[in-house]
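Data block below; observations after.
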Amino acid sequence: MTADHALPELDPVIHAQARLRVMVTLNTLADGDEIAFPVLKDLLGMTAGNLSVHLSKLEEAAYVHIIKTHKGRTPITFVALTKRGRLALEDYTTAIRALLDSAGGTS
Amino acid sequence: MTDDGEQAPAPEDTLRLMEEQRAATVRALRGDPLLLYGPWGVAWLLGFGAFFLHYGLDGVPYAPISWAQAMSVLMCGLLVAGGVAAFGIVRMTGVIRGGTAAKGAMFGYTWFAGMVLMSVIAAHFSPMLPDHQAGLLWSSIALMLVAVLYMAGGAIYHNWPMFFVGVWIAAVNALGVILGPGWHALLAAVLLGGGQIAVAFWLRRRT
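Chains as they are written, first to last, in our numbering: chain X, 13 to 119; chain Y, 166 to 372.
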């Protein structure tokens, strides 16, 4: 990328389309809410394996918090955005808008 | 390029993707407005419609429907609507946990407590009133409770349409009580029952 020096850097962890969709979906939840993994998988139309890979990358960056628990005897996983994740998505959105403005694109 | 090696989309495509994903998620998690508002609208339209035919506007019934029959129509409608709402709540359990789930549970119990308290109060006072006024007491305090809880629900979930539906119910209810049992039933059937159905379709088109 031959980015102009004035242009903001885009967070490479979020910039992958699949992970951006994961982040946006989790960001619609209220602060302190967690979503069940199978529901998130269906909302995104991803396979469990695919979503797991993306979630581990996001967890490495400390953007998501993964909670493994039990409902009765069935193991169930919940996922939530961390504060850091929310801020990162906010920064990413600001950066994308700035990029659009500098390109003179229509908004 | 992203760190996965995929081609980076243009900024406007990225923003559109984000908005589409956000809208789809909200739609999936909030439930279909048609199922949220529609069944209550149908129950009120049929139930209060039956009461209107029973009372008539000047005290002369428009159709041979007894008070008990009108009450059965309203109650059946409300049971079906309550069943649909309960199904929606059950479907959402285990989907999200945290603050929102706790709010939902407390709000659900608030509705239940309100309905029980309303029944105790109305059952105590209605035998002391003439039939028409007893019917008006039941329907007006039921609608008062619904109006206040919709407004409170709007505050809890930061949902303006829900809040304004509550304001609308409160206003129609007050006007109906002033005008008398026949008018109250007519206004509740058309403006509240019909209104809920209209709101259901409008909200669905908007989302």
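For every residue, glycine included, the Cβ atom is placed at its ideal position computed from N, Cα and C.
All figures in this text were calculated on a predicted structure; none of them were measured in a lab.
List the residues that DSSP assigns as beta-bridge partners of residue i.
i         : result
Pro-87/X  : His-82/X
His-77/X  : Ala-92/X
Ala-48/X  : Phe-90/X
Arg-262/Y : Glu-46/X
Going by C-alpha to C-alpha distance, which of the options sits closest to residue i?
i         : options                                    : result
Leu-67/X  : Tyr-104/X, Thr-86/X, Leu-32/X              : Leu-32/X
Arg-256/Y : Tyr-104/X, His-82/X, Val-51/X              : Val-51/X
Ile-321/Y : Leu-194/Y, Arg-187/Y, Gly-269/Y            : Gly-269/Y
Phe-328/Y : Phe-272/Y, Ala-317/Y, Pro-204/Y            : Ala-317/Y
Asp-197/Y : Phe-213/Y, Ala-250/Y, Gln-298/Y, Gly-242/Y : Ala-250/Y
Glu-72/X  : Thr-94/X, Asp-54/X, Pro-87/X, His-82/X     : Thr-94/X
Gly-359/Y : Val-342/Y, Trp-333/Y, Leu-301/Y            : Trp-333/Y
Leu-239/Y : Leu-308/Y, Glu-177/Y, Ala-267/Y, Ala-266/Y : Leu-308/Y
Leu-41/X  : Thr-106/X, Ala-92/X, Glu-102/X             : Ala-92/X
Met-280/Y : Ala-266/Y, Val-311/Y, Thr-258/Y            : Val-311/Y
Ala-336/Y : Leu-218/Y, Leu-357/Y, Ser-237/Y            : Leu-357/Y
Leu-282/Y : Leu-294/Y, Trp-348/Y, Ile-306/Y            : Ile-306/Y
Asp-223/Y : Ala-363/Y, Ala-350/Y, Pro-326/Y            : Ala-350/Y
Leu-70/X  : Ala-107/X, Thr-106/X, Gly-97/X             : Gly-97/X
Trp-259/Y : Thr-37/X, Pro-87/X, Ala-30/X               : In the sequence as displayed, the identity of residue 259/Y is Gly instead of Trp. Cα-wise, what sits closest to Gly-259/Y is Pro-87/X.
Please classify residue i as buried or exposed, where buried requires at least 16 other C-beta atoms within 10 Å of its C-beta.
i         : result
Asp-45/X  : buried
Thr-59/X  : exposed
Asn-6/X   : No statement about residue 6/X is possible, as the shown extent of chain X runs from 13 to 119 and does not include it.
Trp-209/Y : buried
Met-183/Y : buried
His-82/X  : exposed
Val-225/Y : exposed
Ala-117/Y : Missing from the structure shown is residue 117/Y; chain Y here goes from 166 to 372 and no further.
Gly-274/Y : Correcting the residue identity first, residue 274/Y is Tyr in this sequence and not Gly. Under this definition Tyr-274/Y is an exposed residue.
His-323/Y : exposed
Ala-28/X  : buried
Ala-278/Y : exposed
Leu-294/Y : exposed
Tyr-227/Y : exposed
Ile-286/Y : exposed
Thr-265/Y : buried
Met-13/X  : Annotation note: pLDDT 48 at Met-13/X (below 50); position unreliable, no value reported.
Tell me which residues share the same chain as residue i and place their Cβ nearer than 6 angstroms to its Cβ, disregarding the 5 neighbours each side in the sequence.
i         : result
Leu-199/Y : Ala-365, Arg-369
Gln-361/Y : Tyr-202, Trp-205, Gly-206
Tyr-104/X : Asp-23, Ile-26
Ala-215/Y : Ile-230, Ala-235, Val-238
Ala-246/Y : Pro-204, Trp-205, Ala-208
Under 8 angstroms Cβ to Cβ from residue i, same chain only, skipping five residues before and after it: list those, please.
i         : result
Leu-344/Y : Leu-352
Ser-119/X : Low confidence applies here, because Ser-119/X scores a pLDDT of 45, under 50, leaving its location unreliable; read the following figure in that light. Answer for Ser-119/X: Arg-109, Leu-112, Asp-113, listed in chain order.
Ile-261/Y : Leu-194
Indicate the three-state DSSP secondary structure (helix, strand or coil) for residue i in the structure shown.
i         : result
Ile-306/Y : helix
Ile-230/Y : coil
Pro-295/Y : coil
His-66/X  : helix
Gly-331/Y : helix
His-323/Y : coil
Asp-23/X  : coil
Thr-37/X  : helix
Leu-340/Y : helix
Gly-374/Y : Given a span of 166 to 372 for chain Y in the structure shown, any question on residue 374/Y remains unanswerable.
Asp-223/Y : coil
Ala-175/Y : coil
Closer than 7 angstroms by C-beta to residue i: which residues in its own chain qualify, once you throw out the five before and the five after it? Chain order, please.
i         : result
Pro-346/Y : Tyr-220, His-297, Gly-300, Leu-301
Ser-291/Y : Ala-299, Leu-302, Trp-303
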